[in-house]
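The block underneath contains the structure these notes are about, expressed in structure tokens.
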Amino acid sequence: MGFFDKLKQGLKKTKDALLKPVNDLFASYDKVDEDFYEELCDLLIMADVGVETSDYLVDQLRQRLKEKKIKETSEAREEFKAILVEAVGEGGSLNLGDDLSVILVIGVNGVGKTTSIGKITHYLTEQNKKVMLAAADTFRAAAAEQLCIWAERNNVPIIRQNEGADPAAVVFDAVAAAKKSNCDTLIVDTAGRLHNKKNLIDELAKINRVIDREAPNATRETLLVLDASTGQNALIQAKEFGKAANITGLVLTKLDGTAKGGIILAIKRELGIPVKFIGVGEGIDDLRPFEPSEFISAFFEDSND
């Protein structure tokens, strides 16, 4: 099964929770009126799009229908589809330089952070990139072990120290090793402590200072991994992590197991951070760069079934 088919299959729960009720709503009204707008907003909120984004999408529809003097629901549905396409926004490719690129990966425990690193490593080695991993999550013993398994699976080197070691010291060693062996990309796993803890902010700041000092010309990415199945909680996490780090992109995991994929509409609107990777399965190839047009096609295909 190709990734597009997996994406289609993975979005089924979200389609059933969001698109089907919206389609049924458009079909049940002859004309668009205030009751229709109210019901549409309620449906979006129930599908985990969030209050702020749901209000925005409905207001956009109201504005466009007024401007274009559209009253028929069939035409209104097409306008709404166009609004959703815009709401998803552009995807963002990884910002990788010609020399060393450093990707810092952050996120709370349980979102699939270490697994995402393993899959991104696989994706990059497929692009003939020379990748090295750094196990800077020294807080949890299992994290380094798990990362070692992924390093072995992808046949890439890993830099690690003992449990409880200073994460910044691991990063210092890793940058030196990556430069010495002419690696293209260094991917750093970080501790998944709760997003509101001051020590996480301090730790990330210290790691960033080491990278700035030891690899001042490195191209930088800070990817936040979010679990799509947590819905609005993912948005809250992103806002909190945004206070601790300059997030350049998002990795949205577990889209296949949730009806809360509507969160992807809220992410762009409320955070303005591009989604760079999405995950729709457990296989090594099931985390791929986010292609908005592909996502929307998979989302709307067979939507009248």
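Numbering-wise (our numbering), the sequence shown opens with residue -13 and increments by one.
Every residue gets a Cβ at the ideal spot worked out from N, C-alpha and C, and that includes glycine.
By a C-beta neighbour count over all protein chains shown, 10 Å radius and 16 as the cutoff for buried, is residue i buried or exposed?
i	result
residue 175	buried
residue 255	buried
residue 142	buried
residue 40	buried
residue 202	exposed
residue 140	buried
residue 196	buried
residue 199	exposed
residue 215	buried
residue 294	With the chain covering -13 to 291 only, the question about residue 294 has no answer from this structure.
residue 290	Any answer about residue 290 is weak, because its pLDDT of 48 lies below 50 and its placement is not dependable; what the coordinates show is given next. Exposed: under 16 other Cβ atoms inside 10 Å.
residue 3	buried
residue 60	exposed
residue 62	buried
residue 137	buried
residue 104	buried
residue 102	buried
residue 13	exposed
residue 162	exposed
residue 85	exposed
residue 21	exposed
Starting from residue i, trace the beta strand (DSSP E) in both directions and tell me its first and last residue.
i	result
residue 207	205 to 213
residue 263	261 to 265
residue 87	87 to 92
residue 274	273 to 275
residue 117	117 to 122
Mind reading off the beta-carbon distance from residue i to residue j? Whole number of angstroms is fine, and I expect it under 8 Å.
i	j	result
residue 257	residue 224	6 Å
residue 240	residue 217	Actually they are not in contact, since the Cβ atoms of residue 240 and residue 217 sit about 11 Å apart, beyond 8 Å.
residue 274	residue 281	Not really, about 11 Å apart at Cβ, beyond 8 Å.
residue 208	residue 87	Actually they are not in contact, since the Cβ atoms of residue 208 and residue 87 sit about 12 Å apart, beyond 8 Å.
residue 286	residue 67	7 Å
residue 132	residue 171	Incorrect: roughly 19 Å between the Cβ atoms, too far for contact.
residue 134	residue 145	That pair is no contact at about 11 Å.
residue 221	residue 36	7 Å
residue 47	residue 69	6 Å
residue 83	residue 261	In fact, because the Cβ distance is near 22 Å, the residues do not count as touching under 8 Å.
residue 259	residue 236	6 Å
Which first and last residues belong to the alpha helix (DSSP H) in which residue i is found?
i	result
residue 239	From DSSP, residue 239 is part of no alpha helix (DSSP H) but of the beta strand (DSSP E) over 235 to 239.
residue 146	It is not in any alpha helix (DSSP H) - residue 146 carries neither H nor E in the DSSP assignment.
residue 245	From DSSP, residue 245 is part of no alpha helix (DSSP H); its letter is neither H nor E.
residue 134	127 to 140
residue 104	99 to 112
residue 270	Run containing residue 270: none; DSSP gives neither H nor E here.
residue 230	218 to 230
Helix or strand or just coil, what does DSSP make of residue i?
i	result
residue 153	helix
residue 177	coil
residue 290	For residue 290, the predicted model reports a pLDDT of 48, less than 50, meaning its position is unreliable; a value from the coordinates is still stated below. In this structure, residue 290 counts as coil in the three-state DSSP scheme.
residue 82	coil
residue 202	coil
residue 55	coil
residue -3	coil
residue 17	strand
Looking only at its own chain, which residues have a Cβ that is under 7 Å from the Cβ of residue i, when we skip the five neighbours before and after it?
i	result
residue 157	120, 122, 174, 193, 196 and 197
residue 247	-3, 0, 214 and 241
residue -10	280 and 284
residue 149	124 and 127
residue 27	40, 41 and 44
residue 294	Within the shown structure, residues of the chain are numbered from -13 to 291, placing residue 294 beyond reach of any answer.
residue 73	43, 251, 254 and 255
residue 243	215
Please confirm if residue i has its CB atom under 9 Å from at least one CB of chain B.
i	result
residue 145	Going by chain labels, chain B is absent from the structure shown, which holds only one protein chain.
So, at 8 Å on beta carbons, what are the nonlocal neighbours of residue i in its own chain, with the 5 sequence-adjacent residues on each side left out?
i	result
residue 190	90, 92, 176, 230 and 231
residue 25	11
Cutting at 6 Å between CB atoms, please list the residues of its own chain near residue i, excluding the five before and the five after it.
i	result
residue 234	207 and 208
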